[in-house]
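Counted the way our numbering counts, the sequence shown spans residues -13 to 401.
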Amino acid sequence: MLRSLVGSEMCIRDSYHPIPVVFSKCSGVKVTNPEGKVYYDFLSGYGSVSHGHVHPRIVKAATEQLSKCTLSSRAFYSDMFGVYAEFITKFFGYEMVLPMNTGAEAVETAIKVSRRWGYEKKKIPADQAIFVCCTNNFHGRTLGAIALSDDPSSFENYGPALPGIARVEYGDAKALEALFKKDGKRICGFIAEPIQGEAGVNIPPAGYFAKVRELCTKYNVMMICDEVQSGVGRSGKMLAIEHEGVRPDMVLLAKALGAGVMPVSAVLADKKFMDVITPGTHGSTFGGNPLACAIAIESLRVMHEEQLPEKSAKQGKKLLEGLEKLKAKHSCIETVRGRGLFCAIDFDKKFMGGNAAKEYMSILAEEGVLAKITHNYTLRLSPPLVITDEELTDCLKRMGVAAVRLEKLASKSKL
């Protein structure tokens, strides 16, 4: 099967470097390839499959809606959209929702709403609005999103970049305050990930977002939290920003909102921000479609009723403790960190010529645990939140075996 897929790459413009593992059948935390080999999924579709693969309740909700109505477009009403809008706004405590499909679309929507609010409500002079982001961010692959990025692999040869973007060091409240003091009258919005996923599960200093909230309120700047990866239970809370007890002006959700069944995203904010969007100024053919609404409602119900954020907190603590023990035994591991079931391992950049993370990822896959590196030296670990004690113990054991194998491989390469 893998050989035939590799052959088909002649007609696929692949923008990824996939691990040579083929998914054929999935359930819960496990995936099976066409030959019957079973793996633990510790990537979860970059956090999309937080409920576990093909969760029966969510599949049932999707199947039932599939036989009724899948798309009306926003040119008409559907009987599901109003139900969904009321449900999700009450669930997260915001007045309004703007439905989209992907995380990148949610980010683009945030930029548009923020700019429009800046001009119409804050009275920023025409075409002078500044939108602020952080270093090491990842907000998607669209043109607006990559204009926020400081990673050349994201923006190189896609210029000219969207103008009016300013960037500050992630986690540095003093730098943000200095920028607000200098340009606050022209700043419409500030966007940040409560936990930076693609950057390697970066967690800011305690109190950072509380200070951000204070500054955004003081300078009348829209505070936007990109919870596309960190939200919907991943960090041990429904939203990762809840760890700081802060309420942003806008929250962006995607990935786990669709439970790995289909792409669903949502932009949540109060009316004073959202009412700048009027008919014809923004839209999406598939945003808020009946099928997406049915899936998202059940996704959130399952998340709440099965107490998956609480399970993430409990199992995340166990995973991090296991990773700390792994680090203590293996000098190739530099640091480990995490919040809930959103964890990472940093490998020594000098070990195996800087290839340790990549080699470990491959060995770990051979041991039956699938994870993915980011930025060459970091292995991100984000299993489905339904992982059991027994499964997690088994995975930690396999990680230990993989670490021993990595060090043996390193020793052989020196000979």
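Using N, Cα and C, we set each Cβ at its ideal position, and we do this for glycine too. Since the model is a prediction, treat every value here as computed from it, not as a measurement.
Range of the contiguous alpha helix (DSSP H) that encloses residue i
i	result
residue 68	67 to 78
residue 288	276 to 291
residue 226	Unbroken run through residue 226: none, as it is neither H nor E.
residue 128	Where residue 128 is concerned, there is no enclosing alpha helix (DSSP H), given that its DSSP letter is neither H nor E.
residue 198	194 to 204
residue 232	It is not in any alpha helix (DSSP H) - residue 232 carries neither H nor E in the DSSP assignment.
residue 141	138 to 141
residue 169	159 to 169
residue 295	294 to 315
Continuous beta strand (DSSP E) stretch holding residue i: start and end
i	result
residue 82	82 to 86
residue 12	11 to 13
residue 209	208 to 212
residue 177	173 to 178
In DSSP terms, what residue i is bridged to
i	result
residue 259	Partner(s): none; residue 259 has no beta bridge.
residue 330	323 and 366
residue 154	120
residue 39	14
residue 358	366
residue 254	83 and 237
residue 26	16 and 355
residue 182	188
Beta-carbon spacing of residue i, residue j below 7 Å
i	j	result
residue 141	residue 132	yes
residue 238	residue 253	yes
residue 87	residue 273	yes
residue 242	residue 386	no
residue 414	residue 221	The structure shown does not extend to residue 414, since the chain spans only -13 to 401, so no value can be given for it.
residue 370	residue 35	yes
residue 180	residue 227	yes
Contact set for residue i: own chain, Cβ-Cβ below 6 Å, skip 5 residues either direction
i	result
residue 156	120, 121 and 122
residue 360	184, 186 and 366
residue 342	318 and 333
residue 204	none
residue 277	51 and 56
residue 316	389
residue 406	Lying outside -13 to 401, the shown extent of the chain, residue 406 is not represented and no answer is given.
residue 78	254
Contacts around residue i, its chain only, beta-carbon distance under 7 Å, and the 5 residues preceding and following it disregarded
i	result
residue 126	89, 90 and 93
residue 95	84, 86, 253 and 268
residue 206	108
Sequence-distant residues of its chain with Cβ nearer than 8 Å to residue i (five each side left out)
i	result
residue 116	150, 151, 152, 169, 172, 173 and 174
residue 50	280
residue 31	241 and 246
Rounded separation between residue i and residue j - CA only
i	j	result
residue 247	residue 176	31 Å
residue 287	residue 197	32 Å
residue 68	residue 4	39 Å
residue 374	residue 301	8 Å
residue 215	residue 44	19 Å
residue 355	residue 27	6 Å
residue 394	residue 38	34 Å
residue 329	residue 321	11 Å
residue 298	residue 305	10 Å
residue 255	residue 368	28 Å
residue 73	residue 107	28 Å
residue 270	residue 323	38 Å
residue 402	residue 230	No answer is possible for residue 402: it lies beyond the span of the chain, which begins at -13 and ends at 401.
residue 209	residue 275	28 Å
The ligand ADP heavy atom lying under 6 Å from the CB of residue i
i	result
residue 61	Ligands displayed in this structure: none; no statement on the ligand ADP is therefore possible.
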